Amino acid sequence: MDGWCLPGLRATTGLPADTLGGPPLPSGQDRGKPRPTMARPYWKGAISFGLVNVPVSLYPATRSLDFSFHLYHDADGGRIREKRVCERDGEEVPWQHIVKGYELSKTQVVTLTQEELRAADPERDRTIGIEEFVKLEEIDPLQVDQSYYVAPEGRSARAYALLTQALGRTEQVAIARIVLSTKQHLCMVRSVDGRMVLTTLVWADEVREAPEVPKASANGKELQMAEQLVHSMSG
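Reading the sequence shown from the start, the letters are residues 12 to 246 in the working numbering.
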C-alpha cells in the first residue's frame with residue numbers, strides 16, 4: 012500500500028448562531044427537511060477489474076450549505092468586481108491574452124499553451140480501474156476526501172449488485188484510480204447499505220507532516236476522570 016493514502020474530513024467554518032436562526036444543533040441532528048433537488052450524474056463510465064466491466068454513474072454524496080457574501084460599495088450599493096490587470100503596465104487584459112504559468116523564481120516564469128496543458132492532462136478513459144482490495148481499517152480516515160454515490164447504468168444492475176454484495180460479504184474495499192475533470196485521483200469503492208460509494212483519496216505526498224506535540228503525562232486520577240467524562244458523553 013506504499014505510495015497512497017487517504018484527505019482529511021473537511022471541517023467547515025459556520026456563520027454566527029444568530030445568522031442561522033439559532034444555536035448549533037447537537038450532533039446527529041440536521042437543519043430540517045432538505046428541499047428536494049433533481050440529482051444529475053456528475054460522471055459516467057465503468058468499474059473495471061480483471062475481465063469485469065460494470066457501467067456506472069457517479070452522484071455527489073454531499074452538498075455545501077455554506078453561506079457566501081458578495082462585496083458592495085457602501086456609498087451607493089454597487090457590486091465590487093475584480094479585473095484582470097497586468098502588474099507591469101496597469102492595463103486590463105482580456106482572456107484571449109492570458110496564459111497559465113509557473114514561477115520558478117522572481118525573474119523566471121515558465122508559461123504553457125492550451126495545447127501543452129491538454130497534452131499534460133491524464134487520459135480520460137472513463138474507467139474506475141480497480142488495482143487491489145484491502146480492509147477498510149487499513150485506510151486512515153485522515154486521508155478521506157470527497158464521496159460519490161455509485162449507481163448502475165443501462166443493463167448493469169445485476170453485475171452492480173454482484174460486486175456490491177461481494178464487497179459487503181468479504182468486508183473489503185476496492186482501491187482504484189479515476190480521472191475527474193483533468194486530474195487523476197486515487198479512490199476507494201466500498202459497499203454501504205446495499206449500494207456502492209466511491210470516495211476520492213489524497214496521494215501520500217499530499218499529506219502534511221504532523222506538528223511536534225510536547226510530551227506530557229497525566230496521573231491515574233486525572234485519567235480516570237477524563238474517561239468518565241468521555242463515557243458520560245458517549246451516545
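Glycine included, C-beta positions come from ideal geometry on N, C-alpha and C. Quantities reported herein were computed from a predicted structural model and do not represent experimental measurements.
{"Asked": "7 Å Cβ shell around T24 - same chain, five flanking residues per side excluded", "Found": "A caution first: T24 carries a pLDDT of 38, below 50, which makes its placement in the model unreliable, though a value can still be read off. Once the five neighbours on either side are set aside, T24 has no close Cβ partner at all."}
{"Asked": "First and last residue of the uninterrupted beta strand (DSSP E) at Q154", "Found": "Segment: none, Q154 is in no beta strand (DSSP E) and carries neither H nor E."}
{"Asked": "Per-residue DSSP class, three states only, for V161", "Found": "strand"}
{"Asked": "Delimiting residues of the alpha helix (DSSP H) encompassing Q235", "Found": "231-243"}
{"Asked": "Close Cβ partners of T175 (< 7 Å) along its chain, the five nearest in sequence each way excluded", "Found": "S202, G205, R206, M207"}
{"Asked": "Which of helix, strand or coil DSSP assigns to K226", "Found": "coil"}
{"Asked": "From S68, P105, H196, residue whose alpha carbon lies closest to that of E142", "Found": "H196"}
{"Asked": "Coarse secondary structure for T122, derived from DSSP in three states", "Found": "strand"}
{"Asked": "Extent of the continuous alpha helix (DSSP H) run through T181", "Found": "168-181"}
{"Asked": "Closest residue to T138 among I189, E182, Y159, A170 (Cα-Cα distance)", "Found": "I189"}
{"Asked": "Cβ neighbour criterion (16 or more within 10 Å) applied to M199", "Found": "buried"}
{"Asked": "Sequence-distant residues of its chain with Cβ nearer than 7 Å to A162 (five each side left out)", "Found": "V67, S68, Y70"}
{"Asked": "Within 7 Å, strictly: CB atoms of V104 and R92", "Found": "no"}
{"Asked": "Three-state secondary structure (DSSP) of E149", "Found": "helix"}
{"Asked": "In DSSP terms, what R201 is bridged to", "Found": "V208"}
{"Asked": "I150, buried or exposed, once every other Cβ within 10 Å from all chains shown has been counted against 16", "Found": "buried"}
{"Asked": "As assigned by DSSP and simplified to three states, the class of H108", "Found": "helix"}
{"Asked": "Three-way DSSP call (helix, strand, coil) for A72 in this model", "Found": "coil"}
{"Asked": "Whole-Å CB distance - I186 paired with V145, under 8 Å assumed", "Found": "6 Å"}
{"Asked": "Beta-carbon contacts of G32 that lie in its chain and below 6 Å, excluding the five residues immediately before and after", "Found": "Note that G32 scores 42 on pLDDT, short of 50, meaning its location in the model is unreliable and no value can be drawn from it."}
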